[in-house]
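Whatever position you read off the sequence shown (first residue = 1), add 256 for my numbering. Using N, Cα and C, we set each Cβ at its ideal position, and we do this for glycine too. Being a predicted model, the structure only gives us computed values, none of them experimental. Notes for the one structure printed next.
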Amino acid sequence: MTSSTSIFINIANEMRFFWRTAIIISIPEFQWPVGKVSARLVEPEATSRTRPAGFANYLDMGDGFLARRVESIKDRNGRTALHCAAERGNTNVCNYLLGEVKINVNLRDRKGKTPLHCAILHGRYHTAVSLLENGANPNAATGQKFTPLHYAAQRGCRRVLQLLISNGAEIDAQADSGTPLQEAASRGMTEAVKILLDNNANPNMTFRHLFSPLVKSIEAGSFECVKQLLKAGADPNMRTVGPTPLEYAASLGDAESIKYLLDEGALTNVTSNLGLTPVEVAARNSHHEAVKILLPFTSLPFHQLQIGAAPAEWLKPMDAEVKSNRSLCWARLNEGYLALADGQRCVLLKT
């Protein structure tokens, strides 16, 4: 079998070429806009009609509208043959459609995705290379403002990230859910985070003033991402509408991140939107190890801390005996800090 015949068979299998009064390119799930297609599959015979160099002219039938016809054939989601070929990683079909049929490389489906988006979403590196070589826009944004770089960051694909950046992808492009760095950090993609930071991604850019990449990496439980971001200049005390990085780490009981944040200058007496310090947040979530780490760094007087339950002024005098008894129980269980906390409360209630 000749290479040209092999390419044609690839194309035929991918797109199912049909004939009626004119040649129509389709895919099984595609809907021809004019109506139901009643046709037969073109046999892949090794003739001049099936050679890549002459096949486009044969399909065109001389009216000059082949590319327009192919572009108009879409499935219910607005995807064209090029979208499907890119998604499946069929680079030969993509090259044929772009080189011979001359269709637009930046066609969009109903969600605004281009074939390049589709290739990257499914990890088709070689297809992405071909699309970019044929003029694909590396900064094309979907309806939710996702660029190809956002999708590459989500997947953590090193080669694709480097490919897009080398082709001019905007490093801090803002989508509805943030930047590519936030996408990588929220999924714990350490290699992607490193590549983006090495290419000057902003470690302090937030999404709608809510979550920084640092908070997102803590949420993902990726200590490596936390370290990389702080080394790259992420602010450990960034105050957004949401929690500070230290407050969020305390709420999760993330001891490793808490220690590293403290080493990098995180402030322990900054209160949350509810008026709680990080140590109080940790205590209310029963993260004893986090409390032990944070307490020595907290300079508020002990009686001001709201640890374990309500503030002292909310308690009734009769609660003193309960606190005293519980303090003894904690002591027998070798929970020194909790025994001390209840003991201190008991003293406050009796004075």
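Can you determine whether any heavy atom of the ligand GTP sits closer than 8 Å to the C-beta of arginine 443, and answer yes or no?
In the structure on display, the ligand GTP does not appear, and there are no ligands present to speak of.
Which residues DSSP lists as bridging alanine 431, in chain order: The residue labelled residue 431 in the question sits at position 175 within the sequence shown. Per DSSP, Gly434.
Express the C-alpha separation of threonine 462 and leucine 453 in angstroms, rounding to a whole number.
-> Residue 453 sits at position 197 when you count from the first residue of the sequence shown. Residue 462 sits at position 206 when you count from the first residue of the sequence shown. Approximately 15 Å, taken between the alpha carbons.
Checklist entry - For threonine 654 versus cysteine 481, is the C-beta spacing smaller than 9 Å? => result Because residue 654 is not part of the residues shown, which for the chain are 257 to 607, the question remains open.
- Should alanine 440 and alanine 448 be called a contact, given that it needs their Cβ atoms to be closer than 9 Å? As a working note, residue 440 is residue 184 in the sequence shown. As a working note, residue 448 is residue 192 in the sequence shown. Yes.
For phenylalanine 467, name the three-state secondary structure that DSSP assigns.
Translated into the one-based positions of the sequence shown, residue 467 becomes position 211. Phenylalanine 467 falls in the strand class under three-state DSSP.
Supposed contact pair proline 404 and histidine 373 - C-beta distance, whole angstroms, cut 8 Å: As a working note, residue 373 is residue 117 in the sequence shown. As a working note, residue 404 is residue 148 in the sequence shown. 6 Å between Cβ atoms; contact.
Checklist entry - Among Thr347, His378, Leu523, Arg364, which one has its Cα closest to the Cα of lysine 330? => result Numbered from its first residue, the sequence shown carries residue 330 at position 74. When each option's Cα is compared against that of lysine 330, the closest is Arg364.
If I follow the unbroken alpha helix (DSSP H) through serine 422, where does it start and stop? Walking along the sequence shown from the start, residue 422 turns up at place 166. 414–422 is the span of the alpha helix (DSSP H), which, as asked, contains serine 422.
Write down the C-beta distance between alanine 342 and alanine 375 rounded to the nearest angstrom, noting that I regard them as a contact closer than 8 Å. As a position in the sequence shown, residue 342 is number 86, starting the count at 1. As a position in the sequence shown, residue 375 is number 119, starting the count at 1. Confirmed, Cβ separation roughly 4 Å.
message = Quick check on this structure: which residue in Met494, Thr533, Asp491, Ser442 has the alpha carbon closest to the alpha carbon of glutamate 475?
response = Indexing the sequence shown from 1 puts residue 475 at position 219. Ranking Met494, Thr533, Asp491, Ser442 by Cα distance to glutamate 475 puts Ser442 first.
Cutting at 7 Å between CB atoms, please list the residues of its own chain near alanine 546, excluding the five before and the five after it. Taking the sequence shown and counting its residues from 1, the one referred to as residue 546 is at position 290. Excluding positions up to five away in sequence, the list reads Ala506, Gly509, Ala511, Ile514, Ala538.
Element boundaries [alpha helix (DSSP H), containing phenylalanine 479]
In the sequence shown, counting from the first residue as 1, residue 479 sits at position 223. Where phenylalanine 479 is concerned, the enclosing alpha helix (DSSP H) stretches over 479–487.
Check your understanding: Does the beta-carbon of histidine 382 have 16 or more other beta-carbons within 10 angstroms, so that it is buried, or is it exposed?
Key -> Position 126 of the sequence shown, counting from 1, holds the residue named residue 382. By the 10 Å Cβ count, histidine 382 comes out exposed.
Of the residues Ala457, Tyr352, Phe553, Cys350, the one placed nearest isoleucine 421, counting alpha carbons only: For this step, residue 421 is matched to residue 165 along the sequence shown. Nearest C-alpha to isoleucine 421: Ala457.
Q. Got a sec? Which residues, its chain only, sit under 8 Å from leucine 353 by beta carbon, not counting five neighbours each side?
A. Residue mapping note: residue 353 aligns to position 97 of the sequence shown, counting from 1. Excluding sequence neighbours, leucine 353 sits near Val326, Ala337, Leu338, Ala341, Ile359.
If you check the beta carbons only, do leucine 377 and lysine 369 fall under 9 Å apart? Here the question's residue 377 lines up with position 121 in the sequence shown. Here the question's residue 369 lines up with position 113 in the sequence shown. Contact: yes.
Between which residues of its own chain and isoleucine 451 is the CB-CB distance below 7 Å, once the five residues before and five after are set aside?
If you number the sequence shown from 1, residue 451 lands on position 195. Hits under 7 Å: Arg414, Leu417, Gln418.
Report task. Specify the secondary structure class of glutamate 389 as computed by DSSP and reduced to three states. Result -> Taking the first residue of the sequence shown as position 1, residue 389 is located at position 133. If DSSP states are grouped into helix, strand and coil, glutamate 389 belongs with the helices.
Rounding to the nearest angstrom, what Cα-Cα distance links asparagine 493 and serine 433 in this structure? In the sequence shown, the residue the question calls residue 493 occupies position 237. In the sequence shown, the residue the question calls residue 433 occupies position 177. Straight-line Cα distance between these residues: approximately 22 Å.
Hey, valine 357 and alanine 392 are a contact pair by Cβ (cut 8 Å); roughly how many whole angstroms apart?
Translated into positions along the sequence shown, residue 357 becomes position 101. Translated into positions along the sequence shown, residue 392 becomes position 136. Not really, about 16 Å apart at Cβ, beyond 8 Å.
Exercise. Return the residue from the list Asn390, Lys548, Leu517 that minimises the CA-CA distance to asparagine 423.
Key: Here residue 423 is taken as the residue at index 167 of the sequence shown, counted from 1. That would be Asn390, whose Cα lies nearest to the Cα of asparagine 423.
- prompt: At what residues does the alpha helix (DSSP H) containing lysine 515 begin and finish?
  reply: Within the sequence shown, the letter at position 259 stands for residue 515. Looking at the DSSP string, the run of the alpha helix (DSSP H) that includes lysine 515 is 511–519.
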